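Step one of this worksheet: look at the structure below.
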Amino acid sequence: MAIGRSEDIAPETVVHRVGGGNMANLRLSTLDEKLTPPGISVLLGGTPQEAVTQMRQAFPRAQKWRRTAHTVGTTTAAALRQVGFEIVPNPTTRFPNHARLIHPDGVAGFTDANLERLAQTFRDTRGC
């Protein structure tokens, strides 16, 4: 499915990052850097627990989600935009509520300083 437009995501939309909203989990991986546009995966709407349930159901054998899915970082589209990031719909077959968190400067926008500001917008829920 194609990437949508940022305007399609309302400011009050809840945004979840499985693994938490810490700087290390917000950094681009090598694969993330190669995306067009580069960015990280997030899930829209619902609760942190629902986001984790989606991941566990989609990838029941994946070790990565067993390690990281106990913490979910939650913010809003408005908060992400206030610190210079953007969010675009990027639905998939498994995740119709999937989106990509991007920066207008692409990979260059994911600096430590920007990631620190971004991380401050997230509130982590543990024990999911």
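If you read the sequence shown in the numbering used here, its first letter stands for residue 1, the second for the next number, and so on. Glycine residues also receive a C-beta, built at the ideal position from the N, C-alpha and C atoms. Just so we're clear, the structure is a prediction, and the values are computed from it rather than from any experiment.
For isoleucine 40, the beta-bridge partners assigned by DSSP are Leu101. Residue pairing by DSSP places histidine 16 opposite Leu43, Thr74 in a beta bridge.
When C-alpha distances from threonine 111 are compared across Thr71, Leu28, Cys128, the shortest belongs to Leu28.
Here proline 38 is not near valine 83, since their CB atoms are 7 Å or more apart. Ranked by Cα distance from threonine 36, the first of Val14, Ala99, Gly73, Gly46 is Ala99. Here the alpha carbon of proline 11 sits roughly 15 Å from the alpha carbon of leucine 43. Distances from the alpha-carbon of isoleucine 3 to those of Thr13, Leu115, Pro91 put Pro91 closest. Under the 10 Å beta carbon count, glutamine 54 is surrounded by 16 or more other beta carbons and is classified as buried.
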